Ligand SMILES: C[S@@+](CC[C@H](N)C(=O)[O-])C[C@H]1O[C@@H](n2cnc3c(N)ncnc32)[C@H](O)[C@@H]1O
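Residue numbers (the numbering used here): 32 to 237.
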């Protein structure tokens with residue numbers, strides 16, 4: 032379970048997060064195109080850490096059901112107010128409680144796996160909640176691979192409430208955790224200039 036500092040952080044920044052412009056639209060669109068190319072119309076998708084629901088609103092209409100979840104009441108308030116296809120349902124819950132309604136064809140986790148306090152538990156829940164052959168589609172920051180300057184800055188920002196509680200993963204840690212949960216990694220890449228945000232598509236073996 033997540034401590035309330037994390038929820039408070041995301042509640043506080045929710046309005047700003049909703050108002051921010053996507054920095055690299057082409058990369059974001061390329062990632063969304065890749066995600067949708069892996070989904071079919073009958074799919075049931077669970078998204079954890081959906082934030083303000085922009086991804087669900089954009090691509091949730093490609094599938095039969097898109098359950099978008101986030102633990103922050105403020106993020107969820109904004110996501111629920113956002114116009115979205117009828118297949119999208121936004122639910123407030125911690126990632127550890129998000130897996131009700133399994134089995135799913137895909138679990139999406141964009142910019143959130145580095146934020147959960149127990150990555151192994153979430154990956155194991157995702158594995159259990161997926162149908163055989165189902166996909167974990169994720170994009171995750173690996174802070175431990177960033178330069179020393181940035182790594183030194185994060186704890187200072189956190190002290191002033193300007194950075195959320197987050198794990199300092201290396202790309203190797205992340206891969207290892209995904210493989211240890213029993214997934215097979217189908218694809219790993221980055222989009223755009225940010226080479227520390229890894230897009231990984233992993234499959235539950237059939
Ligand atoms: C960096 S934002 C990413 C939002 C969205 N997925 C995106 O890519 O724009 C991280 C989101 O994860 C949510 N979050 C962080 N830890 C969480 C947890 N343990 N359970 C559920 N949601 C969580 C936060 O509230 C926030 O909305």
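Using N, Cα and C, we set each Cβ at its ideal position, and we do this for glycine too. No experiment lies behind these values; they were computed from the predicted model shown.
Inclusion of residue 152 and residue 133 in the CB contact set at 9 Å is not warranted, their separation being larger than that value. Shown here, residue 166 sits in a strand according to DSSP, grouped into three states.
Look at residue 224 here: in three-state DSSP terms it is coil, with no helix or strand label. Taking residue 150 as the centre and dropping the five residues before and after it, the same chain places the C-beta of 144, 198, 208 closer than 7 Å to its C-beta, in chain order. Here residue 94 really is in contact with residue 76; their C-beta atoms are around 5 Å apart, less than 8 Å. Straight-line measurement puts the Cα of residue 163 at about 34 Å from the Cα of residue 53. According to DSSP, residue 231 shares a beta bridge with 169, 219. Rounded to the nearest angstrom, the Cβ distance from residue 182 to residue 191 is 17 Å, too far for a contact under 8 Å. Within a 10 Å sphere around the beta-carbon of residue 105 sit 16 or more other beta-carbons, which makes this residue buried. With a contact defined as Cβ atoms closer than 8 Å, residue 237 and residue 228 miss out at about 29 Å.
Near ligand 1, meaning a beta-carbon closer than 5 Å to one of its heavy atoms, we find 33, 41, 80, 82, 101, 102, 103, 106, 125, 126, 141, 142, 143, 146, 147. Residue pairing from DSSP places residue 138 in a beta bridge opposite 77, 167. Annotation for residue 233: 167, 209, 214, 216 place their beta carbon closer than 6 Å to its own, counting only its chain and skipping 5 residues before and after.
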